Structure formats: C-alpha cells, structure tokens
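Here my numbering is used: the first residue of the sequence shown is 27, the next is one more, and so on. In what follows, a single structure is set out as structure tokens and then discussed.
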Amino acid sequence: MLRIAVFVSGGGTNLQALLDAKDRGEIPNGEFALVLSSREGVYALERAKGHNIPTVVLARKSFPDAQAFDQAILEVLAAYQIDAIVLAGFLSILGQAVIARYPRRILNVHPSLIPSFCGAGYYGLKVHQAALDYGVKVTGATVHLVNEIPDGGEIVLQKAVDVLPGDTPETLQRRVMEQAEWVLLPKAVAMLCDGAL
27 MLRIAVFVSG
37 GGTNLQALLD
47 AKDRGEIPNG
57 EFALVLSSRE
67 GVYALERAKG
77 HNIPTVVLAR
87 KSFPDAQAFD
97 QAILEVLAAY
107 QIDAIVLAGF
117 LSILGQAVIA
127 RYPRRILNVH
137 PSLIPSFCGA
147 GYYGLKVHQA
157 ALDYGVKVTG
167 ATVHLVNEIP
177 DGGEIVLQKA
187 VDVLPGDTPE
197 TLQRRVMEQA
207 EWVLLPKAVA
217 MLCDGAL
C-alpha cells in the first residue's frame, strides 16, 4: 500500500476525483495519507478534512529560498512516511531535492496535450487561453512523471478533448477537467500504486 501525498493550491477538484476513485475501489493499493497545500484557506483542505486526511500548509513565501521550502516539504513527507506525491493543481515548482528523493514517484496532471502549451508559466487558465489563441481544434490533458524540467517528464497517460466554437478559457478548462483530468489522474495513480510505472 503506497502512502500518497496530494499537493494542492486551490479548490481541489482533482483531489476530489482521486478521493471519489478511492471510494469506488479504483485505487486499491494506495492510501491518501496527506494533503499538502501551498495556500491557507483553500477548499481542497476542506475536502481532505471531510475524508479524515491530515493536512499541512506550506506557503513558498514563508521560506527564505527554494532550498528551505524543499527542505520543509521533505521533512513533512518524512514525518508522514510518504511513498509518492501527486501534484493536483499545485502552483509551486518542486526543487531538485524533492524530485531526487522521489524518483518516478511524483505524478502531475497538466491541462494540455504535452508538448503543446506546457512548461514554465503555463498553468491554470493561461494554458486554455493559449490553446484558444493558437486556434487548436483539440486539446486535452496529460499525466506525466515529474523531473527537473517543468512538464518535461515521461508521459503516462493523455486524453484528447474537443475545443468547441465559442469556448472561453473557463468553459474549456471545465470540459478538460471533466472529460480528461478527472479520468486520467485516478487511473495514473492506480498504475503507480500497482507498480505499473
């Protein structure tokens, strides 16, 4: 049974998709043992408490530098005996120390078909705005392993989603979440827990 920490920064819709999948028995070899947020007061923390999952808030701006932030993350993960990390809308970039400690044990979901609209600076609505600006007819989501290059790790799963006439970044974001992110992320986490990655 892998002990998993889910890293969040906002409402926690991807966290909810994971919790629902766990409740349905779709992640039999994983346990959500911690939710770590980069921000106080976000709804993802309430979702965790509703499932009796411990929560920790570590705000990047509370630390003098990235190394201190990474060290604090590693200390929390050690305290909770965490085996794997899932980035579910976590808006801070993990440093080399964390990535090195969890090789092939960190998953991220990104709201585009990598290598399109990814890398430093592409997050949240910015990704969907870029897709609309470019005029693509298909976008989607990607779950990938995390390495030291933002959105540069090995692709695990992808799913395409149609861009519709009249889409706004908000409507596109919602469709990508519902049709791709919430489907792919639980599946990828189950694969990780089953030793399939």
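Ideal Cβ positions, reconstructed from N, Cα and C, are used throughout, including at glycine. Since the model is a prediction, treat every value here as computed from it, not as a measurement.
Quick one: any contact between the segment 167-175 and the segment 130-142, if contact means 3 or more CB pairs under 8 angstroms? yes
Between the CA atoms of GLU174 and LEU62 - distance to the nearest angstrom: Residue mapping note: residue 62 aligns to position 36 of the sequence shown, counting from 1. Residue mapping note: residue 174 aligns to position 148 of the sequence shown, counting from 1. Approximately 20 angstroms, taken between the alpha carbons.
With distances taken between CB atoms, is the gap from LEU113 to ILE99 smaller than 8 angstroms? The residue given as residue 113 occupies position 87 in the sequence shown. The residue given as residue 99 occupies position 73 in the sequence shown. Contact flag unset, no.
In angstroms with no decimal places, state the Cα-to-Cα distance between LYS213 and ALA186. Locating residue 213 in the sequence shown gives position 187, where the first residue counts as 1. Locating residue 186 in the sequence shown gives position 160, where the first residue counts as 1. Looking at the two C-alpha atoms, the distance is approximately 15 angstroms.
Mapping the DSSP letters down to three states, classify GLN155 as helix, strand or coil. Taking the sequence shown and counting its residues from 1, one reaches residue 155 at position 129. Of the three classes helix, strand and coil, the one that applies to GLN155 here is helix, per DSSP.
Using a threshold of 8 angstroms, state whether the C-beta atoms of VAL215 and ILE30 are closer than that. Along the sequence shown, one-based indexing puts residue 215 at 189. Along the sequence shown, one-based indexing puts residue 30 at 4. Yes, Cβ-Cβ distance for VAL215 and ILE30 is below 8 angstroms.
For ARG86, which residues from the same chain have a beta carbon less than 7 angstroms from its beta carbon, with the 5 sequence-adjacent residues on both sides left out? Indexing the sequence shown from 1 puts residue 86 at position 60. Hits under 7 angstroms: SER64, PHE95, SER118.
Can you tell me whether GLN199 is buried or exposed? The criterion is at least 16 other CB atoms within 10 Å of its CB, across all chains shown. For the purposes of this step, residue 199 is taken as residue 173 along the sequence shown, with counting starting at 1. Flag for GLN199 reads buried.
In this structure, does DSSP put GLU196 in helix, strand or coil? Taking the sequence shown and counting its residues from 1, one reaches residue 196 at position 170. Note: GLU196 maps to helix in three-state DSSP.
Given GLY150 as reference, the closest of THR197, ALA222, MET217 once Cα atoms are compared: Here residue 150 is taken as the residue at index 124 of the sequence shown, counted from 1. Nearest of THR197, ALA222, MET217 to GLY150, Cα basis: THR197.
Give the straight-line distance between the Cα atoms of LEU120 and GLY36, rounded to the nearest whole angstrom. Counting from one through the sequence shown, the residue named residue 120 turns up at place 94. Counting from one through the sequence shown, the residue named residue 36 turns up at place 10. Roughly 17 angstroms between the two C-alpha positions.
Tell me whether SER138 is buried or exposed, calling it buried when 16 or more other Cβ atoms sit within 10 Å of its Cβ. Counting from one through the sequence shown, the residue named residue 138 turns up at place 112. Burial call: buried.
Under the three-state DSSP convention, the category ILE132 falls into: For the purposes of this step, residue 132 is taken as residue 106 along the sequence shown, with counting starting at 1. If DSSP states are grouped into helix, strand and coil, ILE132 belongs with the strands.
Alpha carbons only, please: which of ASN40, ASP159, GLU57, GLN97 is nearest the one belonging to LEU71? Here residue 71 corresponds to residue number 45 of the sequence shown, with the count starting at 1. Selected option, being the one with the closest Cα: ASN40.
Should PRO129 be flagged as near chain B, meaning a C-beta pair shorter than 8 angstroms? Reference to chain B is not applicable here, since this structure consists of a single protein chain.
For my contact list, ASP91 and CYS144 are in at a C-beta cut-off of 8 angstroms; report their separation, rounded to the angstrom. Counting from one through the sequence shown, the residue named residue 91 turns up at place 65. Counting from one through the sequence shown, the residue named residue 144 turns up at place 118. Not confirmed; about 26 angstroms, so no contact.
What does the alpha-carbon distance come out to for the pair GLY147 and ALA157? In the sequence shown, residue 147 corresponds to position 121, counting from 1. In the sequence shown, residue 157 corresponds to position 131, counting from 1. Taking the straight line joining both Cα atoms gives about 14 angstroms.
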